[in-house]
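Position in the sequence shown counted from 1, then plus 67, gives you the numbering used here. Each remark here refers to the structure printed beneath this line.
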Amino acid sequence: MQGGILRIALECNDNNSNNNSESVLSMAAWTMYCNGRKVGYAVKRRPSKADMDALKAMSSVVVGAGMISGKELGRHDDELMYLRANFERVRGSSDSESFHLIDPEGNIGQELSIFFFRSRNGFFSNSVFRILRRFQSRGKIDGGSKTEEEEKVYSWLYALARSDKDLVFEYVRSTERGLSFTEAERRLKENGPNVPLEYTFPSWWHLLWSAFFHPFNIILIVLSALSYITSDNSNGCIMLVLVFISVSLRFYQEYGSSKAAMKLSEFVRNPVKVQRCAGRVIQTELIVQVDQRDVVPGDIVIVEPGDLFPGDVRLLTSKHLVVSQSSLTGEYWATEKTADVREDRSTPLLELRNICFMGTNVVSGTGTGLVVSTGSKTYISTVFSTIGKHKPPDSFEKGILQISYVLIGVMLLVVTVIILIEYFTFHNLSESTLFGISVACALTPQMLPLIINTSLAKGALAMARERCIVKSLSAIRDMGSMDTLCIDKTGTLTMNHAIMVNHLDSGGSPREKVLRFAFLNSYFKSEQKYPLDDAILAFVYTNGYRFQPSKWRKIDEIPFDFMRRRVSVILETDSNPEGRNSQPLYRFMITKGALEEVMKVCSYVEHVDKGDISSFSAEDHQRILNLVEELSNEGLRVIAVAIKNLQQKQVSEQSMDNEEVVESDMVFLGLITFFDPPKDSAKQALWRLAEKGVKAKVLTGDSLSLAIKICEEVGIRTTHVTTGPALEQLNQDAFHETVKKATVLARLTPSQKLRVVQSLQTAGNNVVGFLGDGINDSLALDAANIGISVDSAASVAKDLADIILLEKDLNVLVAGVEQGRLTFGNAMKYIKLSVIANLGSVLSLLIATVVLRFEPLTPKQLLVQNFLYSVGQIAIPWDKMEEDYVKIPQRWSVKGLLMQTLIYHLIRTEKIPFIMEIASWPVIGSTILVSAVGIAIPFSVIGDVMGFTDLPLSYFGFLVVLFIGYFTVGQVVKRLYIIVYKKWL
68 MQGGILRIAL
78 ECNDNNSNNN
88 SESVLSMAAW
98 TMYCNGRKVG
108 YAVKRRPSKA
118 DMDALKAMSS
128 VVVGAGMISG
138 KELGRHDDEL
148 MYLRANFERV
158 RGSSDSESFH
168 LIDPEGNIGQ
178 ELSIFFFRSR
188 NGFFSNSVFR
198 ILRRFQSRGK
208 IDGGSKTEEE
218 EKVYSWLYAL
228 ARSDKDLVFE
238 YVRSTERGLS
248 FTEAERRLKE
258 NGPNVPLEYT
268 FPSWWHLLWS
278 AFFHPFNIIL
288 IVLSALSYIT
298 SDNSNGCIML
308 VLVFISVSLR
318 FYQEYGSSKA
328 AMKLSEFVRN
338 PVKVQRCAGR
348 VIQTELIVQV
358 DQRDVVPGDI
368 VIVEPGDLFP
378 GDVRLLTSKH
388 LVVSQSSLTG
398 EYWATEKTAD
408 VREDRSTPLL
418 ELRNICFMGT
428 NVVSGTGTGL
438 VVSTGSKTYI
448 STVFSTIGKH
458 KPPDSFEKGI
468 LQISYVLIGV
478 MLLVVTVIIL
488 IEYFTFHNLS
498 ESTLFGISVA
508 CALTPQMLPL
518 IINTSLAKGA
528 LAMARERCIV
538 KSLSAIRDMG
548 SMDTLCIDKT
558 GTLTMNHAIM
568 VNHLDSGGSP
578 REKVLRFAFL
588 NSYFKSEQKY
598 PLDDAILAFV
608 YTNGYRFQPS
618 KWRKIDEIPF
628 DFMRRRVSVI
638 LETDSNPEGR
648 NSQPLYRFMI
658 TKGALEEVMK
668 VCSYVEHVDK
678 GDISSFSAED
688 HQRILNLVEE
698 LSNEGLRVIA
708 VAIKNLQQKQ
718 VSEQSMDNEE
728 VVESDMVFLG
738 LITFFDPPKD
748 SAKQALWRLA
758 EKGVKAKVLT
768 GDSLSLAIKI
778 CEEVGIRTTH
788 VTTGPALEQL
798 NQDAFHETVK
808 KATVLARLTP
818 SQKLRVVQSL
828 QTAGNNVVGF
838 LGDGINDSLA
848 LDAANIGISV
858 DSAASVAKDL
868 ADIILLEKDL
878 NVLVAGVEQG
888 RLTFGNAMKY
898 IKLSVIANLG
908 SVLSLLIATV
918 VLRFEPLTPK
928 QLLVQNFLYS
938 VGQIAIPWDK
948 MEEDYVKIPQ
958 RWSVKGLLMQ
968 TLIYHLIRTE
978 KIPFIMEIAS
988 WPVIGSTILV
998 SAVGIAIPFS
1008 VIGDVMGFTD
1018 LPLSYFGFLV
1028 VLFIGYFTVG
1038 QVVKRLYIIV
1048 YKKWL
């Protein structure tokens, strides 16, 4: 059964209870126990009601539930070692049955294929334990860290990794010849296209509806309709034009951005070489090329350098196969893969050497593999499982909704009161209704959607100049609110390429001899040179070493493979590398590779301090391991170098066929260390972000020691650090507290990155940005308030991001944060200004209507005044913000809204306007223009139509005095506000 192979075993009781169960039931039945407690039954077919009654009274055969990891239900390590060893001993023989699992309450589960393993001492299975645990935890796996679908994928892949090839073919129902064309077509219909995530980017009408459905747009449309009903066509037309401009602007911006969204073609539009069989009597194997969408479970695929794996694949053959999993892990180093290994459950999933995952690609070597999962059943699909869910509204959107509801409530109340007062005063329902609608229009910030969308669009263009592409306009205002930035280490803080650091002997001292032989190994190896080889060669060339490879001749080579994890070359020279001429010809085997594998073939070690070669003792072994641990804690990667002086007779075709004979009794020479260096710009950028109130947290899949080393280099505090495995052991409260304090979180899986982001958002009440570029970052990118990626990222990461950086440089992000706060601030200026100004105007009208026996303003005068006032605010998106404002994250806050003053030049800055701080020229220009128009209207023909009269010159003197008093009171109120709330706006 794909996705859920269960490996269990049964131990019969001495009283032959299995036969007794047959006399009670019409089937075999087993009682499942876990640590002495009954947790369910297993039966061979779906039981009848009579069978169910009998089941509850019986206990026939005990299923011992074993584990790989030691945390479940208090098992001890010594028990685990016994169970593990027992399982390894009996895994070779098996047969299978189909069973139903029944919990103690009698609920029948789905039919499962169960593979049995027999032994004298009992049996166990990690997978069975997980099923039993599922009965108790109601579907939650590992404390909720994995979903049931994820657990199915994990269990399936681990079962295949542990099994030999014959059993794998049986599981997938395929053969060594491959599938027939007919069977492949049938499976394609059964499983569907091989696509990890079905997605169609938003249609134009969906985007148009999203742009249209804004609370104030709806208010304006309702008021426009009422205006037409009351024959106020000009006012209705004006409001519809405002809605049209606002909706068009947002639709145009987001429709253009959406065209680049969700380009999954990198995964699903690739040709794949597949082995199929044809013929009814004598089947012939054919190599055909199919589209990746048409690959099905059971296909045998042939992969070469550059190929993407079309699904999750169990390797059948491999030759020097190196696979890049950077799209899943985000890490630079390629991974060794081999078919000739059987893994166990203790190996992390992404480190399984015989399993290759959909979306990863071949760097070098070749291989064949059996496709075991496609489409939604692949590992990559577990990463995509929660992608696409709508993010909750941010504080800005919530604030807009709150203001909308407040205004609608106030509007209904005030308009109703004014209409009633007008009607009972003047007894003209038509005029009273028209005046009420005019008041409603005055209360509505008509320019709000237009101002906000203009601000966001302008911000998007400004961020594009800073090399930030904005895909979602709402992300700009979120950038202004962001107070926590989660970043990956590789490529963001580091250069994302290896450089060689040092060449050390066994005692940890630099020695040129180690470098010379490492260089010769990398120089003469004939297979593809890996990044570490390039780093060694670059180190030698750039530092002026002259090792003269022309004086050496290559005799033979033992290429790198993944069982040995080392490469050896045999070279010959006429001159002694040590500078002594005691014989005419020198022949050396030079081996370089993983420390453990090189040490296996070493019988001697060279001591530079003693100047001699001695036997490789246990003390030497431990001393080198301690040295390597120290180097690893410094963030360095280490490989070992060994040599052996060969006699000519030792190198022959016969001896070269036996690698163990040749790679033996070698002299351990020393170590080569490498480092992925931090970027020069990273430290400055992080300091600038901290200065602006943005805390940086490093979330990486790499080791903790390496992450700490890099963070210390770039100035990130490492007082509080943690790892993914450590987080798994914590309860919810401890998890939130640890995530809140930690600045470095290492060895995280994709789902753990998601949980960290969600914890910061919910428990920490943070606005979280996440910068990632791999498929492994997709969950966190989708969940973060602002998903940030780079143009060189995996396609899925770019598609899920709200903002794409054209340079993987944090300084680019700093500029984006500044622009986001500028945009947010200008939008907030208009919102606070317009809402309070309109509330003030309506309150004045309400009081005047009650006190006066005449209309203080006619409906037309009120609408013209409100329209001119709104037009004057169109320049707000081009206004400046003070430096103090952009230094800290900005969020929506309702508490100070009603304390704002009513004059724009007073409200836009905490300083004294016109004296200590001057607005931008578009704002000053619009203020002068609207003021001039307002003064000129009473003296114009329009004034006659609107019912205005000429104003005496003495009025303007009174107006100046009134304005100064108004301005002074406002300035005093503003200072009081700053004293109370410690900030303005």
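Even glycine gets a Cβ: it sits at the ideal position worked out from N, Cα and C.
In the DSSP assignment, residue 875 falls outside any alpha helix (DSSP H), carrying neither H nor E. For residue 694 and residue 660, the gap between their C-alpha atoms comes out near 17 angstroms.
Taken in chain order, the whole alpha helix (DSSP H) runs of length 4 or more contained in the segment 272-296 are 282-296. Under DSSP, residue 745 takes part in a beta bridge, and its partners are 561.
Secondary structure note for residue 943: it is in no beta strand (DSSP E), with a DSSP letter that is neither H nor E.
DSSP lists 638 and 712 as the beta-bridge partner residues of residue 655. The Cβ atoms of residue 588 and residue 657 sit closer than 8 angstroms to each other.
Around the beta carbon of residue 884, 16 or more other beta carbons lie within 10 angstroms, which makes this residue buried. Here residue 798 is exposed: its Cβ has fewer than 16 other Cβ atoms, across all protein chains shown, within 10 Å. Under the three-state reduction of DSSP, residue 752 is assigned to helix. Judged by beta-carbon spacing, residue 680 lies beyond the 8 angstroms limit of residue 654, meaning their Cβ atoms are not closer than that value. Given a length threshold of 4 residues, each whole run of the alpha helix (DSSP H) inside the segment 814-838 is given here in chain order: 817-829. Looking at 814, 915, 258 and 1035, the one whose alpha-carbon comes closest to that of residue 364 is 258. Taking 8 angstroms as the cut-off, the Cβ atoms of residue 704 and residue 664 do not count as close. Under the DSSP definition of a beta bridge, residue 706 partners with 739.
Taking a 10 Å sphere around the C-beta of residue 531, we find fewer than 16 other C-beta atoms and assign the residue as exposed.
Distance between residue 524 and residue 540, taken at the CA atoms: about 7 angstroms. By the criterion of at least three beta-carbon pairs nearer than 8 angstroms, the segment 568-578 is in contact with the segment 728-739.
With contact defined as three or more Cβ pairs closer than 8 angstroms, the segment 741-751 and the segment 685-699 are not in contact. Residues 752, 755, 756 and 759 of the same chain have their beta carbon placed closer than 8 angstroms to that of residue 881, with the five preceding and five following residues left out of the count.
Per DSSP, residue 763 lies in no alpha helix (DSSP H) segment; the continuous beta strand (DSSP E) that holds it begins and ends at 762-766. Sequence-distant partners of residue 551 (beyond 5 residues in either direction) whose C-beta falls short of 6 angstroms from its own C-beta, in its chain, are 762, 827, 833 and 835. The segment 364-382 makes contact with the segment 440-447; the number of CB pairs closer than 8 angstroms reaches 3 or more.
Fully contained in the segment 349-410 are the following beta strand (DSSP E) runs of length 3 or more, in chain order: 351-358, 367-370 and 379-391.
Per the coordinates, the alpha-carbon of residue 565 lies some 20 angstroms from the alpha-carbon of residue 874. The segment 352-367 makes contact with the segment 229-247, as at least three CB pairs between them are under 8 angstroms. Between the alpha carbons of residue 568 and residue 845 lies a distance of about 33 angstroms.
Nearest in C-alpha terms to residue 618, of all of 590, 634, 914 and 942, is 590. The closest CA to that of residue 700, considering only 683, 779, 731 and 942, is found on 779. Selection 291, 1031 and 818 evaluated against residue 308 yields 291 as nearest (Cα-Cα).
Collapsing the DSSP output to three states places residue 783 in coil. The DSSP-derived three-state label of residue 887 is helix. DSSP places residue 633 within a strand segment (E or B) once states are collapsed to three. The residue from 872, 945 and 879 with its alpha-carbon nearest to that of residue 892 is 945. Put simply, the backbone Cα of residue 557 is about 12 angstroms away from that of residue 813. Here DSSP, grouped into helix, strand and coil, assigns residue 540 to coil.
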